[in-house]
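Enquirer:
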Amino acid sequence: TVGCVALDQYGNLAAGTSTGGMTNKRWGRVGDAPIIGAGTYANNKTCAVSATGHGEYFIRSVVAYDISALMEYKGLSVQKAADEVVMKKLVKIGGEGGVIALDKNGNFAMPFNSAGMYRGFIKSDGSWEVKIYK
Amino acid sequence: NKITLVIHGGAGTITRANMTPEKEKAYRADLERAMKTGYEILRKGGTSMDAVEATIRVMEDSPLFNAGKGAVFTHEGKNEMDAAFMDGKTLAAGSIAGVTTIKNPISAARTVMEKSEHVMLVGKGAEEFAKLKGLEIVDPSYFYTEPRWKGLQKALQEEKMQLDHSDTLKKSGFVKPDISGSSAIDKLIFDEGKKYG
Chain W
1 TVGCVALDQY GNLAAGTSTG GMTNKRWGRV GDAPIIGAGT YANNKTCAVS
51 ATGHGEYFIR SVVAYDISAL MEYKGLSVQK AADEVVMKKL VKIGGEGGVI
101 ALDKNGNFAM PFNSAGMYRG FIKSDGSWEV KIYK
Chain P
135 NKITLVIHGG AGTITRANMT PEKEKAYRAD LERAMKTGYE ILRKGGTSMD
185 AVEATIRVME DSPLFNAGKG AVFTHEGKNE MDAAFMDGKT LAAGSIAGVT
235 TIKNPISAAR TVMEKSEHVM LVGKGAEEFA KLKGLEIVDP SYFYTEPRWK
285 GLQKALQEEK MQLDHSDTLK KSGFVKPDIS GSSAIDKLIF DEGKKYG
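Chains as they are written, first to last, in this note's numbering: chain W, 1 to 134; chain P, 135 to 331.
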């Protein structure tokens, strides 16, 4: 699964996710990636989120919207909200994977509870980094 | 505002122990290329939506990632893809699921958001819609990569050992695309075996 979240100079957030899904899937199985609120969500008031991982768990936890909701209703930072969902809520039910989340101020989080996650960021000054492992 | 762009290319059992230097270099290069594609759009005053779409298209076109070319195989030996797009300003959203012929599913998801009254389209209908809106349609064999094919065979074999049932691929009449030779890029694809997406 691949995903991207971005903040432009007009203060607008956007999120996208694209995937081939699960190896050996059948019966029209669909994961979280195309489910708005589960694998993908964006709201200028809070954050933009794209997720990757074991889709069934991400759907049940409404992961992407949950991160946004924690920010909107509890006032959590993007890092705390993303950690709460990925490192606590998902781990409790055995959901493996991670998210990228970016807020309206350019703060972002990239938590994952799996062994690794291909990820990267690029900031307004052009500084960037690509990471793979923990 | 602080223009910022963040990407992911999938999560799973990716460790230094099971990654070769060549594969790591290839992944880092494509992730960088994708990121910088989107950043250039933002830097020139483009929108976050344009940046997200362009960035994801780079990763969909790379055979290294489980999206677009390089997508994993279904039980029946097909590449069946899903994508979603959301605009934080308007809360508009679009998604597609179970498509097999749309070259860049992320563009189809954005098109559903912007050019339909719906949020989610699936299967043949989504493909018809994409074609109608002028998106690039390809033969399903475009998405084939040898490592993902082998990943399916491995999963089927494990399933066969568990369930002791016959070869479903043969029953379904699936014929592997005639793509002779294994390209150099195939050797760079990181095989995680059974991917969850």
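Glycine residues also receive a C-beta, built at the ideal position from the N, C-alpha and C atoms. Since the model is a prediction, treat every value here as computed from it, not as a measurement.
What's the call for P:H209, buried or exposed, on a 16-neighbour Cβ count within 10 Å?
Expert: buried
Enquirer: Report the three-state DSSP secondary structure of P:D221 (helix, strand or coil).
Expert: Correct three-state label for P:D221: strand.
Enquirer: Using 8 Å as the limit for Cβ to Cβ distance, is W:L102 near chain P?
Expert: yes
Enquirer: Pairing CB atoms from the segment 212–222 of chain P with CB atoms from the segment 32–39 of chain W, are three or more of them under 8 Å?
Expert: By the criterion of at least three beta-carbon pairs nearer than 8 Å, the segment 212–222 of chain P is in contact with the segment 32–39 of chain W.
Enquirer: Should P:P155 go down as buried or exposed, given a rule of 16 or more other Cβ atoms within 10 Å for buried?
Expert: exposed
Enquirer: Could you name the residues of the same chain whose beta carbon sits closer than 7 Å to that of P:I175, not counting the 5 residues immediately before and after it, in chain order?
Expert: D184, A185, A188
Enquirer: P:I240 versus chain W: which residues are under 9 Å apart at the beta carbon?
Expert: The contacting residues are V2, C4, G16, T17, S18.
Enquirer: Where are the beta strand (DSSP E) runs, 3 residues long or more, that stay fully inside the segment 1–38 of chain W, in chain order?
Expert: 2–7, 13–19
Enquirer: Less than 8 Å between CB atoms is the rule here; does W:M165 satisfy it with respect to chain P?
Expert: Residue 165 of chain W is absent from the model: chain W starts at 1 and stops at 134.
Enquirer: In the structure shown, what three-state DSSP assignment does P:L322 receive?
Expert: Here P:L322 carries a helix assignment [DSSP, helix/strand/coil].
Enquirer: Just the C-alpha distance for W:S124 and P:E261, rounded to the nearest angstrom, thanks.
Expert: Answer to the nearest angstrom: the Cα atoms are 37 Å apart.
Enquirer: Could you please tell me which residues of the segment 268–286 of chain P, in chain order, have their CB closer than 7 Å to any CB of chain W?
Expert: G285, L286
Enquirer: Helix, strand or coil, according to DSSP, for W:F112 in the structure here?
Expert: Secondary structure at W:F112: strand, using DSSP grouped into helix, strand and coil.
Enquirer: Can P:G285 and W:T23 be called in contact, C-beta distance under 8 Å?
Expert: yes
Enquirer: Do the CB positions of W:S114 and P:E194 come within less than 8 Å of each other?
Expert: no
Enquirer: Would you say W:N107 and W:S127 are within 8 Å of each other, going by their C-beta atoms?
Expert: no
Enquirer: Mind checking W:Y73: buried by the 16 CB within 10 Å criterion, or exposed?
Expert: Classification of W:Y73: exposed, given that the 10 Å Cβ count is below 16.
Enquirer: Where are the alpha helix (DSSP H) runs, 4 residues long or more, that stay fully inside the segment 172–226 of chain P, in chain order?
Expert: 182–195
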